[in-house]
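The structure under discussion appears below in the form of structure tokens.
In the numbering used here, the protein residues as written are 556 to 809.
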């Protein structure tokens with residue numbers, strides 16, 4: 556699952572984190588994803604999710620200092636199903652190894668990845684989770700190419716992998732088309748028909764047409780059994796976040 560959970564903005568009065576967090580955990584417990592990539596979560600939000608989910612651990616750092624400051628692109632994983640072999644975070648910039656702002660981006664942007672081992676089958680796979688800049692057009696294009704370059708460097712044996720996140724790009728835009736040539740768009744190769752609203756951004760507006768798709772899950776060497784956009788409205792018809800979660804069911808290729 557990929558889910559931009561909206562950072563805890565202390566100026567939010569209507570859609571504040573305290574009013575949303577319990578519903579978010581209920582959604583996660585209901586759908587039971589084994590791996591969750593979140594975007595925008597601050598350190599205390601990451602810890603809240605981690606503490607609420609039994610048998611889960613997480614990887615990731617804050618983008619502002621490489622420690623705990625700023626938004627994470629955390630990967631939460633069920634440690635009874637998967638063993639973490641290695642992990643790291645890099646910045647979407649010309650200097651990915653250190654805290655930095657890339658190209659025309661408005662702020663620091665990062666990608667967190669982990670190499671995991673399935674405890675039952677012993678098969679290994681990579682998961683990458685990222686959040687592209689909302690302002691910088693050049694930054695988004697360069698970020699897509701940088702991440703794919705990192706994928707090739709790290710995954711030189713061709714292991715199965717997942718790339719997910721809030722890319723702040725529509726499907727027809729060039730960076731998405733670039734990624735679709737290198738990886739499989741999970742929605743396009745799902746064995747079951749796609750289910751849910753066509754888009755993923757709702758802006759906390761319950762009346763908005765849900766047709767703006769900017770959150771994605773790409774795969775390599777996985778069978779995609781299903782791909783859904785979850786309408787996350789709570790009992791009061793308000794959205795849990797300003798993005799919908801994207802849930803994918805995967806199987807190792809035969």
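The beta-carbon is built from N, C-alpha and C at its ideal position, and this holds for glycine as well.
Within a 10 Å sphere around the beta-carbon of residue 761 sit fewer than 16 other beta-carbons, which makes this residue exposed. At the C-beta level, residue 652 and residue 629 stay beyond 7 Å of one another.
With a 10 Å radius around the Cβ and a threshold of 16 neighbouring Cβ atoms, residue 559 comes out buried. In this structure the stretch 732 to 742 lies against the stretch 770 to 782, because at least three pairs of beta carbons, one per stretch, are closer than 8 Å. Leaving aside the five residues that flank residue 689 on each side, the residues in its chain whose CB is nearer than 8 Å to its CB run, in chain order, 661 and 723. The Cβ atoms of residue 807 and residue 678 sit closer than 7 Å to each other. Straight through space, the alpha carbons of residue 666 and residue 752 are spaced by roughly 26 Å. Residue environment analysis places residue 682 among the buried positions, since at least 16 neighbouring C-beta atoms fall within 10 angstroms of its C-beta. Residue 654 has no beta-bridge partner at all, per DSSP. DSSP places residue 603 inside the alpha helix (DSSP H), whose first and last residues are 598 to 607. Contact check for residue 766 and residue 798: beta-carbon distance about 14 Å, past the 8 Å limit, so the pair fails to qualify.
The alpha-carbon separation between residue 756 and residue 735 amounts to approximately 20 Å. Rounded to whole angstroms, residue 749 and residue 720 show a C-alpha spacing of 18 Å.
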